[in-house]
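Engineer: A single structure is presented below for examination.
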Amino acid sequence: MKKKRKDKGYTASYDNREGDSRKLIFDLPDNIPIYNIKEGSNSIIILAWEIKSKKNPMVVKGHREIGDWTFEMDVFVHMLSKPSKMDVFCLNRNYGTSESLCDYAKELYDSGKEKEYAFVKAKRRVYYWILDPNDLDKGIKFYSPGSQMYFGKELIEEANECSKGESIIDFSADGDNDIYIVKFRAVKEEIGKSSYLKYKSFRFINIENDEVDNAKDIKKAVEKAMENIVSLDSLLIVKTEDEIKKLIYLEEDNNNDDDNEEKDEKKNKKSKCDEDDDDKEEEKEEKKNKKSKSNDECPHDLVFGKDFEKEKLCNKCDLWEECCDEQAAIKKRNKK
Ligand SMILES: [Zn+2]
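Numbers 27 to 362, taken from my numbering, label the letters of the sequence shown in order.
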């Protein structure tokens, strides 16, 4: 008789997958399709929209006013893992008010829980309304490429580069201006066992000048989209400090569970089921890979923060994100 195979954690993996089950910081209409990025080349038309909400951090900070136009939502978000599994708009980084999730992240950092800290801390994210030139019939799509640094920053830098000293190319369609297709490549990068997408080679194709086959259809689709577009900031879900506090209890419980698991591991107790074994294997592996050096030292004898991404091995470094943050902090300090 064949031996029963080990549960390889498919169910757990499925339950933990990113995607539709994750609660976003926007109250999106049910029928809005999501643009799914694919590895390799992508084409999108970024749509402009009017700033309408006092909740918009740019308005709160006084950088923009209601009635101004924009092409992106650029905000800090806490991306909570299980059990709450939701994105939470960060009150501290977006508005400058005190907020317990950021305090909690700091506690985790101070107590050396780097893995948990990396999950809980606020991350800068960008979001767009777009049209897919290869799927115009679906109309407006929601696009969440993830990190500001990998998408938003590259996009605006490239648009600036194309301007050749004049004002930045007006690449987001507002119904009155020239329409551009934004082309870019998505490249999978791997750190240890996880992978993420980096975006490169942004190009701006003017549909009038560059002989795009379906230019007429695109124009019609943009016109229609501009009639229906909803300001992304008006869909923002901003939780109150009280609501956020309740979430933290859930997170803390979750992290305490992790602690217990770690203790169990140390005692070499037999686990309840095979699935737990798999989790622990992964944890062990991660610990093995993790260098014992402190958080502000490069494990590869480069200068932490300063030499960020200088060598090929940086891409696979455990402290990649921290090093990146440090580099940003250095730049900020040097500006002052
Ligand atoms: Zn926060």
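Glycine is no exception: its CB is placed at the ideal position from the N, C-alpha and C atoms.
1) Would you mind reading off the limits of the beta strand (DSSP E) that contains PRO171?
2) Starting from MET99, trace the beta strand (DSSP E) both ways and give me its first and last residue.
3) Compute every distance between the C-beta of CYS324 and the non-hydrogen atoms of ligand 3, then say whether any falls below 7 Å.
4) Between ASN62 and VAL85, what straight-line distance do the alpha-carbon atoms span, to the nearest angstrom?
5) Would ARG48 be called buried (16 or more neighbouring beta carbons within 10 Å of its own) or exposed?
6) Any contact of the segment 217–237 with the segment 126–134, i.e. 3+ C-beta pairs under 8 Å?
7) Would the beta-carbon of VAL152 fall within 8 Å of that of HIS104?
8) Output the distance between the C-alpha atoms of PRO83 and ILE71, rounded to the nearest integer angstrom.
9) Can you tell me whether ARG359 is buried or exposed, with buried defined as 16 or more other CB within 10 angstroms of its CB?
10) Report yes or no: do three or more beta-carbon pairs, one from the segment 166–181 and one from the segment 50–69, lie closer than 8 Å?
11) Please tell me whether, using a cut-off of 7 Å, the distance from the CB of LEU273 to the nearest non-hydrogen atom of ligand 1 is below it.
12) Please state if the CB of ARG90 and the CB of PHE102 are separated by a distance shorter than 8 Å.
13) Please classify GLY331 as buried or exposed, where buried requires at least 16 neighbouring CB atoms within 10 angstroms.
14) Between LYS265, TYR206, GLU269 and ILE270, which has its C-alpha nearest ALA241's C-alpha?
15) Do you know offhand how far TYR143's Cα is from ALA74's?
16) Given SER69, which residues of its chain have a CB within under 6 Å of its CB, disregarding the five upstream and five downstream residues?
17) Confirm the yes/no value for this check: CB of ASN235, any heavy atom of ligand 1, distance under 7 Å.
Structural biologist: Result, derived from the coordinates:
1) 167–173
2) In this chain, the beta strand (DSSP E) harbouring MET99 covers 99–105.
3) Inclusion of ligand 3 in the displayed structure is not the case, the ligand content consisting of ligand 1 alone.
4) A straight line joining the alpha-carbon of ASN62 with that of VAL85 spans about 30 Å.
5) exposed
6) no
7) no
8) 24 Å
9) exposed
10) Flag = yes, the segment 166–181 and the segment 50–69 touch.
11) no
12) no
13) buried
14) Checked all of LYS265, TYR206, GLU269 and ILE270; the closest Cα to ALA241 is TYR206.
15) 35 Å
16) PRO159, ILE207 and LYS209
17) no
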